[in-house]
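Remarks on the structure that follows.
In my numbering, the protein residues as written are 2 to 545.
Right, dumping it as structure tokens:
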């Protein structure tokens, strides 16, 4: 169908063909369009997204005004943080116009006589530049969906059949999470007879409570996953009453779980077998990654040796223990789902093979990010994890695709037949995961601003790769890894590539050039430009 697509409200496509702005008649992103006899595209049906709040800057501190409403309220320009939208005109009765505000608006109309669409203010978040307000704005930018808790009937496990569940609530059990974590979705239990251990990894049974197709499920699907900020409490995928209470594997509370029983010979350090069961569990102690080292009741050496049995080289880091167990859990879920041709998988396409070795050399902890979602019919290996089949299933409180896979797993355990996943769901989850990564990037930059030194800081980076820009001639995109930040940044420079695989780039605002090859070190400085739109542009990097 002819839907309007744009990332910047400058370049447009409809049916994958470029369309100039002059031929777009009052269209907004994802609107269904129709072509008239003059070659103009008019709105057939507004996208359902227009009902979502739009976050942006209300420009009060400006000499420009855009008239008055019928009630005499001044009209101001509103610039969305989402660059795919045009600017809006909104009415505001704010008396203090000395500072711009960050606000939420909702689309109202686009009069034929107006250059800009009209919107109504739903809420003023606060002053532009206030870091907590900016952090809240990022939540609204990347997860604008809302849920009416007043009308929502909260699901409960009371009265649910428990006869098929194995009660392991008396076993020694702990969780290991970051400080302050409330949405606990995994715990570890154990029992042993001599050197024969059963290590039990339990994931919160979210699928038992959240019915497929229910209002709560539809909301979780739209949101995709929880978002986390260095300034604010999490923006949970599920209401806090569930994610931080009823579904969370909190200490001293009986909960439903989906558990992987790992039968392990500790004397020979080999795993004998593994099996899934639905369970009743109780977390005895909620640890942080630091506090777990001092636990005198749970045998920490068991976790170290278990991590080694699963292939870990660094067995002294508690992060590694959890990572190895979660990866093993997910691998086993993937093996189950693949046998029944259901579920959503993660894999790394052949096109990324040449990058994996580079990831291993430069930033091995990021190698798994070069992966995509696939259907059960198109499973591809996840090479950086050494898995022929892999999927997400260990974080159903925080990520919707894990709920989907948990539903399929439970159907298999309960010997119920499952159906193939919806193809649209894979694309939806892909886009939502990208949004979550962008949120993480922008919130990280906010945190850097909060701790910025008075003098321009310097960073050591490594040029990961260079790619020719698709939109600007002679411009290259440089992907630079910053070890200090454990993340990538992207730079854009004009230049060229020599026959010896050396890049020559023009420094900005100067006639100087610099030469560099992929995997060469690069030293950078940066400064903050508040006038830029988007946090990835507000931080301006320059090579030294």
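For glycine and all other residues, C-beta sits at the position ideal for the given N, C-alpha and C.
Residue 30 versus 430, 521, 42 and 48, residue with shortest Cα-Cα distance
48
Given this structure, state the Cα-to-Cα distance separating residue 257 from residue 276, to the nearest angstrom.
17 angstroms
Residues in its own chain within less than 6 angstroms of residue 195 by CB, not counting five upstream and five downstream?
none
For residue 442, does the three-state DSSP call read helix, strand or coil?
helix
Measuring alpha carbon to alpha carbon, tell me which of 529, 96 and 342 ends up nearest residue 409.
342
Does the region 244-251 come into contact with the region 119-138, if we say contact requires no fewer than three beta-carbon pairs (one atom in each stretch) closer than 8 angstroms?
no
Hey, how far is the Cα of residue 231 from the Cα of residue 130?
16 angstroms
Anyone know if the C-beta pair for residue 167 and residue 278 falls short of 8 angstroms?
yes
By Cβ distance below 6 angstroms, which residues in the same chain neighbour residue 56 in space, the five residues on each side in sequence not counted?
82, 105, 138, 141 and 142
Whose C-beta lies closer than 6 angstroms to the C-beta of residue 433 among residues of the same chain, with five residues either side of it excluded?
225
Go to residue 132, then tell me how far its alpha helix (DSSP H) extends in each direction, as first and last residue.
132-143
Does the distance from the C-beta atom of residue 218 to that of residue 398 stay below 8 angstroms?
no
Between the region 461-468 and the region 514-521, do three or more beta carbon pairs fall short of 8 angstroms?
yes
Going by DSSP in three states, residue 154 sits in which element: helix, strand or coil?
coil
Counting along the chain, where does the alpha helix (DSSP H) carrying residue 302 start and finish?
301-310
Once you ignore the five residues that flank residue 329 on each side, which residues in its own chain have a CB closer than 6 angstroms to its CB?
311
Helix, strand or coil for residue 1, going by three-state DSSP, please let me know.
Coverage of the chain is limited to positions 2 through 545, which leaves residue 1 absent and any answer about it impossible.
Between residue 191 and residue 385, what straight-line distance do the alpha-carbon atoms span, to the nearest angstrom?
29 angstroms
Just to check my reading of the structure: residue 400 and residue 336 have Cβ atoms closer than 8 angstroms, yes? What is that Cβ distance to the nearest angstrom?
Not really, about 20 angstroms apart at Cβ, beyond 8 angstroms.
Should residue 220 be labelled buried (16 or more other beta-carbon atoms within 10 Å of its own) or exposed?
buried
Run through the region 65-139 for me and flag every whole beta strand (DSSP E) of 3 or more residues, listed as ranges in chain order.
76-81, 89-92, 102-110 and 119-128
Taking the continuous beta strand (DSSP E) assigned at residue 373, which residues delimit it?
373-376
Using the beta-carbon count (16 or more within 10 Å), is residue 293 buried or exposed?
buried
Let's test the definition: count the other Cβ atoms within 10 Å of the Cβ of residue 216 and tell me whether it reaches 16, buried, or not, exposed.
exposed
Around the Cβ of residue 471, are there at least 16 other Cβ atoms within 10 angstroms (buried) or fewer (exposed)?
exposed
Near residue 545, what residues of its chain come up, given a Cβ to Cβ distance below 8 angstroms and the 5 sequence neighbours on each side ignored?
459, 524, 525 and 526
Which residue wins for smallest C-alpha separation from residue 9, given the options 540, 534, 345 and 542?
534
Taking C-alpha atoms, which residue in 490, 491, 304 and 476 lies nearest to residue 497?
476
Rounded to a whole number of angstroms, what is the C-alpha to C-alpha distance between residue 75 and residue 117?
15 angstroms
Please classify residue 357: does DSSP put it in a helix, a strand, or coil?
helix
I'd like to know whether the C-beta atoms of residue 407 and residue 381 end up nearer to each other than 8 angstroms.
no
Nearest to residue 372 (by Cα), restricted to the options 362, 354 and 318:
354
In the DSSP output, which residue or residues are listed as bridge partners for residue 147?
BP columns for residue 147 are empty, so no partner.
Going by DSSP, which residues form a beta bridge with residue 497?
505
As assigned by DSSP and simplified to three states, the class of residue 335
helix
If you draw a straight line from the alpha carbon of residue 193 to that of residue 283, how long is it in whole angstroms?
18 angstroms
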